[in-house]
Ligand code: ZN
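Residue numbers (the working numbering): 7 to 140.
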């Protein structure tokens, strides 16, 4: 498996609109678009910064994993996404190395990426997203 970059850092927020006051107006990082990912019951906003991006995640339903995260831990850093060249191969490697995968197969992520999550229990306490972009 070949990790090539920090693709993005996901941050759980109650409201993207409110969060943007801080990220855009205070920090000056522009949002380039908002997309709803119905499969994960979230709305996402992307704020590119250098070679990586900040991804704001707002739950769109009470049973959204992000809603549960906010309920338990409050708003804040939710996951770290590492870009890989071949996601299917990376998942096979991770599995062979005893990692606990949340997604055994790639699924659709915001911006048309193929993504899969690795459980924090086997990833140093970090919810790890593997991401492959065209
Ligand atoms: Zn993400």
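In this text, a Cβ means the ideal position worked out from N, Cα and C, and glycines have one as well.
Identify which residue in 20, 8, 12 has its Cα closest to the Cα of residue 82. For this step, residue 82 is matched to residue 76 along the chain shown. Comparing Cα-Cα distances from residue 82 to each of 20, 8, 12, the minimum goes to 20.
Residue 66 and residue 98: beta carbons closer than 8 Å? Here residue 66 refers to the residue found at position 60 when the chain shown is read from its first residue. Here residue 98 refers to the residue found at position 92 when the chain shown is read from its first residue. No, the Cβ-Cβ distance between residue 66 and residue 98 is not below 8 Å.
Please confirm if the stretch 53-72 is in contact with the stretch 12-19, defined as three or more CB-CB distances below 8 Å between the two stretches. yes
Beta-carbon separation of residue 113 and residue 125 under 8 Å? The residue labelled residue 113 in the question sits at position 107 within the chain shown. The residue labelled residue 125 in the question sits at position 119 within the chain shown. Taking 8 Å as the Cβ cut-off, residue 113 and residue 125 do not qualify as a contacting pair.
Chain-ordered residues, beta carbon under 6 Å from a heavy atom of the ligand ZN: 14, 16, 61, 85, 87, 135
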